[in-house]
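Chains Y, R, H, F, S and V are the protein sequences, given in the same order.
Residues are numbered in my numbering as their position in the first sequence, beginning at 1, plus a constant of 46.
Residues are numbered in my numbering as their position in the second sequence, beginning at 1, plus a constant of 46.
Residues are numbered in my numbering as their position in the third sequence, beginning at 1, plus a constant of 46.
Residues are numbered in my numbering as their position in the fourth sequence, beginning at 1, plus a constant of 46.
Residues are numbered in my numbering as their position in the fifth sequence, beginning at 1, plus a constant of 46.
Residues are numbered in my numbering as their position in the sixth sequence, beginning at 1, plus a constant of 46.
For reference, the structure discussed in these notes is given below.
6 protein chains.
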Amino acid sequence: MTVVEASTFSSGASFLDAPTGDRTAPVCILGAPMDWATTNRAGAREGPAAIRRASRLLLDGDHPVHGTNPASLGLSDLGDVPVLIGDIAESHRRIEDAATGLAHLCTLGGDHSVALPLLRAAAKRHGPLGLVQFDAHTDTWDENFGQDLAHGTPFHHALEEGLIDPKRTIQIGIRAPMDAKLLRDTVLSRGLTILSAEDVHDAGADAVAARVIEVVGPGPTYLSFDIDALDPAFAPGTGTPEVGGLASWQARAILRRLAPVNFIGMDLVEVAPAYDHAEITALAGATMVWDYLSLQVAKLRVGA
Amino acid sequence: MTVVEASTFSSGASFLDAPTGDRTAPVCILGAPMDWATTNRAGAREGPAAIRRASRLLLDGDHPVHGTNPASLGLSDLGDVPVLIGDIAESHRRIEDAATGLAHLCTLGGDHSVALPLLRAAAKRHGPLGLVQFDAHTDTWDENFGQDLAHGTPFHHALEEGLIDPKRTIQIGIRAPMDAKLLRDTVLSRGLTILSAEDVHDAGADAVAARVIEVVGPGPTYLSFDIDALDPAFAPGTGTPEVGGLASWQARAILRRLAPVNFIGMDLVEVAPAYDHAEITALAGATMVWDYLSLQVAKLRVGA
Amino acid sequence: MTVVEASTFSSGASFLDAPTGDRTAPVCILGAPMDWATTNRAGAREGPAAIRRASRLLLDGDHPVHGTNPASLGLSDLGDVPVLIGDIAESHRRIEDAATGLAHLCTLGGDHSVALPLLRAAAKRHGPLGLVQFDAHTDTWDENFGQDLAHGTPFHHALEEGLIDPKRTIQIGIRAPMDAKLLRDTVLSRGLTILSAEDVHDAGADAVAARVIEVVGPGPTYLSFDIDALDPAFAPGTGTPEVGGLASWQARAILRRLAPVNFIGMDLVEVAPAYDHAEITALAGATMVWDYLSLQVAKLRVGA
Amino acid sequence: MTVVEASTFSSGASFLDAPTGDRTAPVCILGAPMDWATTNRAGAREGPAAIRRASRLLLDGDHPVHGTNPASLGLSDLGDVPVLIGDIAESHRRIEDAATGLAHLCTLGGDHSVALPLLRAAAKRHGPLGLVQFDAHTDTWDENFGQDLAHGTPFHHALEEGLIDPKRTIQIGIRAPMDAKLLRDTVLSRGLTILSAEDVHDAGADAVAARVIEVVGPGPTYLSFDIDALDPAFAPGTGTPEVGGLASWQARAILRRLAPVNFIGMDLVEVAPAYDHAEITALAGATMVWDYLSLQVAKLRVGA
Amino acid sequence: MTVVEASTFSSGASFLDAPTGDRTAPVCILGAPMDWATTNRAGAREGPAAIRRASRLLLDGDHPVHGTNPASLGLSDLGDVPVLIGDIAESHRRIEDAATGLAHLCTLGGDHSVALPLLRAAAKRHGPLGLVQFDAHTDTWDENFGQDLAHGTPFHHALEEGLIDPKRTIQIGIRAPMDAKLLRDTVLSRGLTILSAEDVHDAGADAVAARVIEVVGPGPTYLSFDIDALDPAFAPGTGTPEVGGLASWQARAILRRLAPVNFIGMDLVEVAPAYDHAEITALAGATMVWDYLSLQVAKLRVGA
Amino acid sequence: MTVVEASTFSSGASFLDAPTGDRTAPVCILGAPMDWATTNRAGAREGPAAIRRASRLLLDGDHPVHGTNPASLGLSDLGDVPVLIGDIAESHRRIEDAATGLAHLCTLGGDHSVALPLLRAAAKRHGPLGLVQFDAHTDTWDENFGQDLAHGTPFHHALEEGLIDPKRTIQIGIRAPMDAKLLRDTVLSRGLTILSAEDVHDAGADAVAARVIEVVGPGPTYLSFDIDALDPAFAPGTGTPEVGGLASWQARAILRRLAPVNFIGMDLVEVAPAYDHAEITALAGATMVWDYLSLQVAKLRVGA
């Protein structure tokens, strides 16, 4: 059979067509297909498959700004964690187990509750972490509708368990009604830095990125990107949309200015394909991960 | 303001615009909005709202065959059980609690796991029940992917707990691959009667109804209708579609021939609106409940 | 430019790519793009455009059963009647005006209220008509939610005005709840013949066609085809779907057995594209019109 | 049954789950489900139900900027006006009737023609009003395609009837082709202030809000928000989309700077769910109403 | 990491999660992702990926009728042929090349033109073949709109090249207008057997299967399944839908009665995911392949 | 029949309802319905029909900025070129043939490969052209996956053939990964000017327009607008979406500042309706063409 490079519509199923199954790779990709911690629309369990499929559009070539190719990082896609249907705590244990011992991990969610076991695994390796969180919600509730492990709670627990340092935590895109009182009463007093969506619309990417770099400093830092940070026009395929969010170009512009941040891992969560259209949400998610990976290459190159 | 009957696009939010909140009503409607026991596509948590909304098309008038109107039953819509996100066992406890003590209950799911607490509540009142189950799957597994309370398991537990009588249990529309070995090894040996989808296509409604009546006999009997008994063409909005299912007219034709059965309650489960189109699945679900209710009126009238 | 037959994706906008604007043509096509007489979901105003577009799939070739090509009838597409937004009575006047004086007319709706002015125009030419109506609803109400010209009323008025002969009227596919009492109290006493959807499922196309031919006899007869006669699986794109309807093959099988009927015109109504998917409803509508036209060619050929 | 707060997927059907039916409430919500005055795509009759359902996402908590909760206003949802299908004038009479005598009303449309009877009712109470109109179209035509009460005409009539003061009227987001000549010939000469969509993109929220406050002054003012003021990317579910509109964050940014305006009521119109995707248009509409209500609370608090 | 069986939403990307890349496997799966030979709607290039993804629902368990599991055949998924965009002839050469030398091949299309190179490869191994073709169209044109290798022509060329034996060829489901004259003038005179969709609706699965077995006899036979054999209600996601087609249960019922046929390979073509909804077309396609594979296991077992 | 202006839902099928078929018209519209040169999602063959249909919303009135009406240009819609399915080179020959000899041509694609024959025809008349290209991709590859005429290659060939002058070529919105290395290695060295999407977000419309005018100068210039220049939120209906693109208002703002440019023709390509929602992509495309035409009227008026 003549060897010809395949078209994008023939690409494989791993993220960026990466090799699979090597837990010793410099950077691993992992799916966390659970959505039973969601409070509104479900469906994020199909997020990892959709993001992987959408990544075929990003296969060939370098990042337009960084001029780098994530393939040079030595990626390995580990597939999906075998989560336990309808059991949040046990699923979290399996996610933490799967994430432990990896050098650098990008996780594809799944609902945002998966950030908790991921932070547990990362903090075991790195100690308390800085956090850059793109999100419409603070996710610092102590429970949602009675469920203390729901997708609105991971950062409450991460703070309680000392996995993240509140002084080195910054949340970007916050605008959900249910967070207003929470912010006033609890979050701000804990020392977190909050940039609302309106702050981003008003201040611009340069100012936001500068603030992020200032807050997280040089220490090890985790990126948690909830796709609902984007406006529903850019990310309809998610469970808890909030009007007035970021444009995708704003998120990308901020992200690519974060080269000084010492990222040690990330997650991209809350892509719910059943509510997506023409893959625009899945592609936005895949693009954010790809931007992050390209940024890591750029940093490695600089560091070399 | 002139008093004029509202159009169907203005109808209220309870099922068939029924009065709400009266647990002493002769027939109650209850939503069980959980989907964390599903094994494939999620979204059935939005089923109760979608079925209620679709029922506006069935508001005005009598059943075309029975000539009866469910409103005459004295319906009350009790709203939704406050299930606990991501906790199957606790959600089941709350559903059982909500279902206990009601005279006659029609439950709108939610995933099929809710049939277990509903049968527990019904069996407390009536003793072991006959079961008429429309479904693509037997749902008699002892676990799904490690979860023993998943939506493929309720009738295993119902049999184990003696809630249903296997000799008085009949399943209609079965065709899922994963059930083939199960049927051979376990289900049939327990004494259940299985009519595959192909059996229905071959035998016709008269023969199927006769077989149902023969199997369940005159004792108290429960109807569990999983919308995936219908073919995906008729019910795309569901989590575990299987090709080759029943046409909606076949299900209706069977159902309306079951006047001799002594039904004491029912559920309609697995409507997942995110995968629906133009409400056809939600409307199919609402129609099956409406057919059931119309049948009960007909029986009451005969009994009077 | 080389002259090459265009692909179906390049076809023109008239029905079957017919010539346009000739009111003296043997058979005319007319759009009646109104939907303000609908009681539930709107959108049928876009039906004529969608049906014309869908007809590109039927352009090339003969009818598989009749072996005829509608193009041989000498079609002319007259475009759409300039209806008056939100004014049913005036729109009806304009439709009747546009339909008057044509030799043989196929109208693309639009909601079913357009059948009334169309019957007025036809009865002026032919006297009282027989009626073959495919529909989920009898549409013989005297008003809907206070509106006496709504889409559920045309045949009430047609009967009152003597446009159709009740003894020569047959309705096929009836199954809507709101019609049950109406049927019992009014319709049947007027002498109409009703075949429910279940009657069709039970009796089959041969028996139904025979009954139609028997009822309408040799006199001039009008065909009114409401796309909701089909089950929502086959025609999701309509305003008032009812579960349990005809398969498209059943409708086609009946239709093609009606060669003995002396049809003098028809309408195809209630296609609402906003609720359609992948054009399946619009194509079903276009196919019914095409079947009808092919049948007329077959009759002309026989008559010649 | 254990009392547990319900999840957002179980919320009730009234706007923000408000109590229903009290016409003496400080602020009332009313649905006006008509779409027979639309000139292009229909479907806005389903807008009120969709906006109410979407409001479940805004239930819990305070406004992120104002720190207020609309529930404190004492809302009551009055349901939908029983409009008359296909009769604009009579429907307008019923809407005016339903709106008369209420203290402060937020109406969910329905097409934009409903603003006329709403302004009639409001002007009866307050005299000539200032008007802040978000819209892609001026809606000041004297007729559309022959219909003088169509959805492109309400403000022509409101001006003619003296319901609004042209000097205190400002329209924001205007960009429709059909308005260009109208603006040149008629509208501007009447003294209205027009800010095109491009003006908003160029000037920013601060400048726009300042201009609004300047134009409407301290007198009683009505807000009419046509969802097509937003770009189709943010509000696909509407009947007359125009490319180049406002981002949702722009509209929100303007709105929340209007605290000095003395609003006495509002409408949110032209949400057409059949063209929506993943509820993003309905949610945008619900959010604008919620922003407005939150603003009123903030003003009340300041006033206290 | 605890080893737990993954859920269906975590399944791999090969068909039925089969091992990949072994051309010596007893049965191979191959994707042929081209759609530039289509005459109407494009998009079948994404068919192979969609069918593989949909096959996750068929992973676990045996065939309900045959009691067999395709995994026991020793499947290998070879991925997709690297077709050449916009070049039919060269793409066909690559497909033939990829298909040559394999023991038994199931190909996932792609448009129906791929059947030609697949038959060339099969005939090299087996000599002239019998053909069982499910299709709405005969696909025996000598050109479509000037393109002699378009998707309506493969069987014309296969006949011309002697790849299939007309006396051992049977086409099932034929109903397209453009074929009527062709059938009359050409196809039937060549000796093919044609069963229209109406023939299937009238005769039933037993009679159809008997006729197939009679026509193709004991010689080596190829199955070509165009998904548009199914009605658009069951398979909206295809390029050239025709109203009045087979129900999925009819196709399955016929297929499973074909155990006596000596099949040596098959293709499943014309699934176009952009027009699909909730994966029902892709799942129907995957199910037909799975039925075919299960049938082969049953035959092997009988043969053993 | 009363003559009344038809509603937008009744408009004809030519672009802006223009007269048809006059190749001597001052400005012609032409469809180029091919998509077999696409590398990812197909479907652009349905672009011309969708853009024409969407143009009904732009029929009545003048451009809001220019105050002009394209109808005054003397448009004629020539319909679609009869392209040859699956044969890029021959289709290009037919497109070039159809475009040759026209005074001023606006072409509706179709995939971007059609720009090559269109530039060939234009350069025959005008000599080497300046080029203003809105696009996510440079489309200057020498081949895509082995196909040298694929939709990523037209401007490579146009440069090689001397149809466009690299010094007078500017590309706006570039952001695709696969172009990064290409830009570095080839494109920039050829002298093209590239403005990335980020450049547009940062610099604003005034600066971008000034740069365009500076680059292309006063010579004859061609506009090639690939709809994927817009962000997927604004243009989901396209084959190769890239996250982070232009808002529609940005593109419009740039375009309307280009009055000084001496445009001699344009194309609008890559609208793929199967991936569109609520026509927002088709309407965005139609609006860009309408903006361009309005701009030409404004220039003619100035020139007069």
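In this text, a Cβ means the ideal position worked out from N, Cα and C, and glycines have one as well.
From a predicted model like this one, the values you see are computed outputs, not experimental measurements.
Listed by chain order, chain S residues near H/G283 by CB distance under 9 Å: Those do not exist, as H/G283 stays about 11 Å from chain S at its closest Cβ, beyond 9 Å.
With 16 other Cβ atoms within 10 Å as the buried cut-off, status of Y/S137: With 16 or more other CB atoms across the displayed protein chains lying within 10 angstroms of its CB, Y/S137 is buried.
Residues of its chain near H/F271, where Cβ-Cβ distance is below 6 Å and the 5 sequence neighbours each way are ignored: These residues qualify, in order along the chain: F180, L314, M334.
Start and end residues, alpha helix (DSSP H) containing R/M224: Its alpha helix (DSSP H) spans residues 224-228.
Any C-beta of chain Y under 8 Å from that of V/A330: Nearest CB-CB separation between V/A330 and chain Y: not below the 8 Å threshold.
Contact set for F/T327: own chain, Cβ-Cβ below 7 Å, skip 5 residues either direction: Only I273, A281, P282, G283, T284, V317 meet the Cβ criterion.
Of the residues F/M80, F/N190, F/V233, the one placed nearest F/D211, counting alpha carbons only: Measuring from the Cα of F/D211, the nearest candidate turns out to be F/V233.
Inter-residue Cα distance where the pair is H/L292 and R/F191: Distance between the alpha carbons of H/L292 and R/F191: 40 Å.
Beta carbon of F/M80 nearer than 8 Å to that of V/D106: Taking 8 Å as the cut-off, the beta carbon of F/M80 is found no closer than this to the beta carbon of V/D106.
Chain-ordered chain Y contacts of R/T70 [CB-CB under 8 Å]: Result: empty, since nearest Cβ-Cβ is about 27 Å, beyond 8 Å.
N- and C-terminal bounds of the alpha helix (DSSP H) containing R/D272: Unbroken run through R/D272 is the beta strand (DSSP E), 266-272; no alpha helix (DSSP H).
Beta-carbon proximity check, Y/L76 vs Y/L130, cutoff 8 Å: Not in contact: Y/L76 and Y/L130 (Cβ atoms no closer than 8 Å).
Close-in-space but distant-in-sequence residues of the same chain around R/A255 (CB under 7 Å, 5 per side omitted): Hits under 7 Å: I300, R303, L304.
Within-8 Å CB hit, F/R87 to chain Y: It does not: the Cβ of F/R87 has no partner Cβ on chain Y nearer than 8 Å.
C-beta neighbour in chain F for R/P319, strict 8 Å: False, the Cβ-Cβ gap to chain F never drops below 8 Å.
Short CB-CB distance (under 8 Å) between R/E36 and chain S: Since the first residue of chain R shown is 47 and the last is 350, residue 36 of chain R is not available in this structure.
Whole-number beta carbon distance between Y/T54 and V/T85, since they are thought to touch under 8 Å: Confirmed, Cβ separation roughly 6 Å.
Burial state of F/T48, where buried means 16 or more other Cβ atoms lie within 10 Å: Confidence at F/T48 is low in this model, with a pLDDT of 37, below 50, so the placement of that residue should be treated as unreliable; the coordinate-derived value is given next. Label assigned to F/T48: exposed.
F/L276 in three-state terms, based on DSSP: In the structure shown, F/L276 sits in a strand (DSSP, three-state: E or B).
Collapsed DSSP secondary structure at F/P200 in the structure displayed: Here F/P200 sits in helix by DSSP.
Interfacial residues, the stretch 281-307 of chain R to chain S, with Cβ spacing under 9 Å: Going along the stretch 281-307 of chain R in chain order, one finds P282, G283, T284, T286, P287, E288, V289, G290, G291, L292, A293 with a Cβ nearer than 9 Å to chain S.
Span separating the alpha-carbon of F/D108 from that of Y/R230: Rounded to the nearest angstrom, the two C-alpha atoms are 10 Å apart.
Bridge partner(s) assigned by DSSP for S/D126: Note: S/D126 sits in a beta bridge opposite S/G77.
Beta-carbon neighbours of Y/G192, restricted to chain R and to distances below 9 Å: The contacting residues are P128, L130, I131, D133, E136.
According to DSSP, residues forming a beta bridge with Y/L241: Looking at the DSSP assignment, Y/L241 forms a beta bridge with Y/I218.
DSSP beta-bridge partners of R/G291: Its beta-bridge partners do not exist; DSSP assigns none.
Beta-carbon contacts of Y/A330 that lie in its chain and below 7 Å, excluding the five residues immediately before and after: Excluding positions up to five away in sequence, the list reads I273, L276, F280, A281, S294.
Minimum Cβ-Cβ distance from V/P163 to chain H less than 8 Å: V/P163 does not count as touching chain H.
Any chain H beta carbon closer than 8 Å to V/A59: Yes, because at least one Cβ of chain H sits closer than 8 Å to the Cβ of V/A59.
Own chain partners of R/A30 with C-beta closer than 8 Å, once the 5 adjacent residues on each side are dropped: Here chain R has residues from 47 to 350 only, and residue 30 of chain R is not among them.
Where the stretch 228-256 of chain Y meets chain F: residues whose CB sits under 7 Å from a CB there: Residues passing the 7 Å Cβ filter: R230, S242, A243, E244, H247.
is_contact[V/L154, chain F] using C-beta, thresh 8 Å: Output row for V/L154: interface = no.
Inter-residue Cα distance where the pair is H/R98 and H/A332: Going by the C-alpha atoms only, they are around 7 Å apart.
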